[in-house]
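Asks: Provided herewith is a single structure, encoded as structure tokens, for subsequent inquiry.
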Amino acid sequence: MSGKKRVLSGIRATGRLHLGNYLGAVKGMLSLQDNPDYETLYMIADLHTMTTPYDPEELRVNRREVVMDYLAAGLDPKRSIIFAQSDVPEHTELAFYFATVVSVARMQHLPTFKDKVKQYPKAVTMALLNYPILMAADILAYKAELVPVGVDQEPHLEIAREIARKMNQTYGTDFPEPQRFETSGGYVPSLVGEGKMSKSVEGSYVNLTDSLEEIKSKVAKIPTDSGQGSEISGGVKTLMEFVELFEGKEKRNEFENQYRDKGLRYGEIKSELSEAIFKELEPIQKRRVELEKDTKYIDKVIAEGAEKARKVAQETVLEVRQKMGLA
Ligand code: ATP
Ligand code: MG
197 MSGKKRVLSG IRATGRLHLG NYLGAVKGML SLQDNPDYET LYMIADLHTM
247 TTPYDPEELR VNRREVVMDY LAAGLDPKRS IIFAQSDVPE HTELAFYFAT
297 VVSVARMQHL PTFKDKVKQY PKAVTMALLN YPILMAADIL AYKAELVPVG
347 VDQEPHLEIA REIARKMNQT YGTDFPEPQR FETSGGYVPS LVGEGKMSKS
397 VEGSYVNLTD SLEEIKSKVA KIPTDSGQGS EISGGVKTLM EFVELFEGKE
447 KRNEFENQYR DKGLRYGEIK SELSEAIFKE LEPIQKRRVE LEKDTKYIDK
497 VIAEGAEKAR KVAQETVLEV RQKMGLA
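Number 344 in this note's numbering belongs to position 148 of the sequence shown; there are no gaps in the numbering.
Structure follows, in structure tokens:
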């Protein structure tokens with residue numbers, strides 16, 4: 197465990213990973229895994245999956261899907277601890293202790309909470325309200341300092357910092373104030389031209405496992421206009437953001453100038469963009485085909501990861517119990 201700084205991140209088991217998860221989170225996870233100054237812990241956020249309506253059978257499948265996507269993208273169980281959130285019950289225990297220093301009003305006013313309420317108005321549960329507290333516990337169970345996640349998670353990180361401060365002031369713990377580790381794709385827009393790409397929003401995403409044909413048909417659906425005008429907005433802006441992410445800033449500038457000048461031909465642009473996306477995903481897909489053949493290996497990775505993660509989390513929980521008067 198050495199004096200290395202720790203890194204924690206996770207992805208909900210709500211489906212296969214998409215370009216937003218890859219660019220906003222996994223790329224950062226990979227670069228920190230390669231950095232010898234950090235000890236990296238990456239989880240499948242299966243408990244967070246339960247904060248919105250879900251199907252138990254699908255959850256069982258998706259837990260493995262996320263690990264397969266992780267490994268195919270380059271996460272390595274020899275260099276990172278890969279585990280499932282629910283296999284380390286210390287997270288939920290710590291979340292309860294943390295809940296004692298957070299007000300209900302603070303949770304209700306979070307923009308992330310309001311977004312999910314809008315998405316699932318009939319399923320506003322206590323688990324959903326508690327989401328950010330559990331996330332703080334995920335991070336602080338390991339006293340992690342860096343968290344490679346997308347821009348959408350920033351309000352939750354602020355809560356984690358507030359909890360760390362409050363715990364330190366009140367109970368004399370030494371929790372760090374975790375910071376977001378940024379990547380260039382920290383906010384990947386939805387293909388439908390509104391909001392962010394999300395696993396749980398149908399039509400919004402391109403999965404890492406999509407074929408070139410699937411990518412082409414999804415990209416074709418990005419809403420566009422006549423191809424000419426003075427101001428770029430909506431779906432055209434989304435398209436330009438994807439061009440920048442996969443073909444570079446210069447290409448985007450070139451297209452934006454053409455938009456204001458002689459006009460754009462979206463058919464060609466979308467087809468070229470789809471090829472560029474596929475080129476980035478192809479090596480990941482090849483590795484995934486191999487991993488899919490060996491579900492036993494996937495289960496072994498998660499089981500071993502849980503054991504390693506628990507050792508660290510147990511120390512933190514013991515310390516918190518002592519300082520809070522429970523031991
Ligand atoms: P769900 O719709 O189930 O919430 P999601 O697509 O939002 O799924 P999460 O599992 O909530 O994915 O998030 C996993 C990681 O991916 C987080 O670090 C999150 O910040 C990041 N992420 C999610 N969507 C995007 C996006 N569109 N752009 C950049 N990062 C993203
Ligand atoms: Mg999400």
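Beta carbons are placed, not taken as given, at the ideal position from N, Cα and C, and that holds for glycine.
1. Assuming the contact rule is C-beta atoms closer than 8 Å, residue 341 and residue 510 should be a hit. Round their C-beta distance to whole Å, please.
2. Within the same chain, show all residues whose beta-carbon is closer than 6 Å to that of residue 208, passing over the 5 residues directly before and after it, in chain order.
3. Following a CB-centred definition, is residue 205 positioned closer than 7 Å to any heavy atom of the ligand MG?
4. Is the closest heavy atom of the ligand MG to the C-beta of residue 376 under 7 Å?
5. Among the candidates 501, 506 and 485, whose CA atom is the shortest distance from the CA of residue 268?
6. Compare the C-alpha of residue 288 against each of 348, 215, 410 and 327 and name the closest.
7. Considering only C-alpha positions, which residue in the set 343, 296 and 252 is nearest to residue 220?
8. Between which two residues does the beta strand (DSSP E) carrying residue 205 extend?
9. Residue 210 and residue 396 - do their beta-carbons sit closer together than 8 Å?
10. Can you have a look at residue 261 and say buried or exposed, based on whether 16 or more other CB atoms are within 10 angstroms of its CB?
11. Which residues bound the beta strand (DSSP E) around residue 236?
12. In the DSSP assignment, the beta strand (DSSP E) including residue 428 goes from what residue to what residue?
13. Tell me whether residue 394, by its Cβ, gets closer than 7 Å to a heavy atom of the ligand MG.
14. In the DSSP assignment, what are the bridge partners of residue 279?
15. When you compare each of 333, 442 and 228 to residue 202 by their alpha carbons, which one comes out closest?
16. Quick check: the Cα distance between residue 517 and residue 432, rounded to an integer number of angstroms?
17. In chain order, which alpha helix (DSSP H) runs of at least 4 residues are fully inside the stretch 435-510?
18. Taking the straight line between their C-alpha atoms, what separation do you get for residue 408 and residue 415?
19. Can you give the Cα-Cα distance for residue 238 and residue 299, rounded to whole angstroms?
20. Please decide whether residue 326 counts as near chain D, where near means a Cβ-Cβ distance under 8 Å.
21. Straight-line CA distance for residue 481 to residue 393?
22. Could you say which of 214, 459, 512 and 309 lies nearest to residue 424 if we only look at CA atoms?
23. Where does residue 342 fall in DSSP's three states?
24. Does the distance between the C-beta of residue 217 and the nearest non-hydrogen atom of the ligand ATP fall short of 7 Å?
25. Tell me which residues share the same chain as residue 483 and place their Cβ nearer than 7 Å to its Cβ, disregarding the 5 neighbours each side in the sequence.
26. Can you tell which of 199, 212 and 264 has the C-alpha that lies nearest to the C-alpha of residue 236?
27. How about the stretch 301-315 and the stretch 366-385: do they share at least three Cβ pairs that are nearer than 8 Å?
28. Using only the heavy atoms of the ligand ATP, determine whether one of them is closer than 7 Å to the beta carbon of residue 518.
29. Which parts of the stretch 264-320 are runs of the beta strand (DSSP E), unbroken and 3 residues or longer, counting only runs that do not cross its ends?
30. Look up residue 385 in the DSSP assignment and say whether it is helix, strand or coil.
31. Three or more C-beta pairs under 8 Å: does that hold for the stretch 352-361 against the stretch 266-282?
32. Starting from residue 214, follow its DSSP beta bridges and name the residues at the other end.
33. Residue 435 and residue 465 look like a contact to me (Cβ under 8 Å); what is the Cβ gap, rounded to whole Å?
34. Does the Cβ of residue 497 have 16 or more other Cβ atoms within 10 Å, making it buried, or fewer, making it exposed?
Replies: In short:
1. Residue 341 to residue 510, Cβ: 20 Å. No contact.
2. 241, 244 and 245
3. no
4. no
5. 485
6. 327
7. 343
8. 201-208
9. yes
10. buried
11. 234-241
12. Where residue 428 is concerned, there is no enclosing beta strand (DSSP E), given that its DSSP letter is neither H nor E.
13. yes
14. 239
15. 228
16. 53 Å
17. 445-456 and 462-488
18. 10 Å
19. 28 Å
20. The structure shown contains no chain D; it is built from a single protein chain.
21. 20 Å
22. 459
23. strand
24. yes
25. 268
26. 199
27. no
28. no
29. 276-280
30. strand
31. no
32. 403
33. 7 Å
34. buried
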